[in-house]
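Trainee: Taking full-length UniProt numbering as reference, the numbering of the sequence shown is continuous, increasing by one, and the terminal residue is 146.
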Amino acid sequence: MTKANHDVIISICVMGFAVFFFSLTFQFPTGNPQDMGPAFMPRAYAIMIMILGLLLFFKGLKSGPQAGKKGTKLILLTIGWLFIYIFFVPIIGFYIMTPLFLFVFLWIVRERRLIPLLAIPLFTTVLIFFFFKQLLNVPIPAGTLF
């Protein structure tokens, strides 16, 4: 399968998920006319994802080089690791799983330098902690194990 075919298939899946999530926003309560309401940001994100899916779709139609077995294996490893992350966040907790996820993801995409392998996961987790937990006061999943 060519890289173009991969891009087209992935873009169709991405756009399908975006349409699905956009349709879910109609279940949110409506705000008053001068307020954007709780559905505004999820709808905006869904529209942005649809636009990015369209861009990937057209890029896939234009390009045509082959994607080898190595690229397919990399995609499958990444998707598998993402499902493992999603499964274990409620159990182990966000603050342990996120740096671990990012570390393994960087390793999967062949980052072997020690400083980025350690700095990116830790910096990202600390940044998310301060932005969501401290600034916005949004609860982060702590996990049931710890």
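Where a beta carbon is used, it is the ideal one built from N, C-alpha and C, also for glycine.
Is it buried or exposed, Phe101, if we count other Cβ atoms within 10 angstroms and call 16 or more buried?
Mentor: Phe101 should be labelled buried.
Trainee: Given a cut-off of 8 Å, decide if Val89 and Pro141 are closer than it, judged by their beta-carbon atoms.
Mentor: For Pro141 and Val89, yes; Cβs fall inside 8 Å.
Trainee: Just curious, the alpha helix (DSSP H) that Lys133 is in, first and last residue?
Mentor: Looking at the DSSP string, Lys133 is not in any alpha helix (DSSP H), and its letter there is neither H nor E.
Trainee: Fully enclosed by the stretch 40-98, which alpha helix (DSSP H) runs are 4 residues long or longer?
Mentor: The qualifying runs are 40-62, 69-92.
Trainee: Rounded to whole angstroms, what's the CA-CA distance from Thr124 to Tyr95? Just pull it up for me.
Mentor: When rounded, the distance between both Cα atoms is 10 Å.
Trainee: Using alpha carbons as the reference points, say which of Ile47, Phe58, Ile108 lies closest to Leu74.
Mentor: When each option's Cα is compared against that of Leu74, the closest is Ile108.
Trainee: Applying the criterion that 16 or more other CB atoms from any shown protein chain within 10 Å of the CB defines a buried residue, is Ala46 buried or exposed?
Mentor: Buried.
Trainee: Can you find the residues in the same chain that come closer than 8 Å, C-beta to C-beta, to Ile57, ignoring five residues on each side of it along the sequence?
Mentor: Reading off the sequence, residue 57 comes out as Phe, not Ile. Once the five neighbours on either side are set aside, the close Cβ partners of Phe57 are Asp7, Val8, Ser11, Ile12, Met15.
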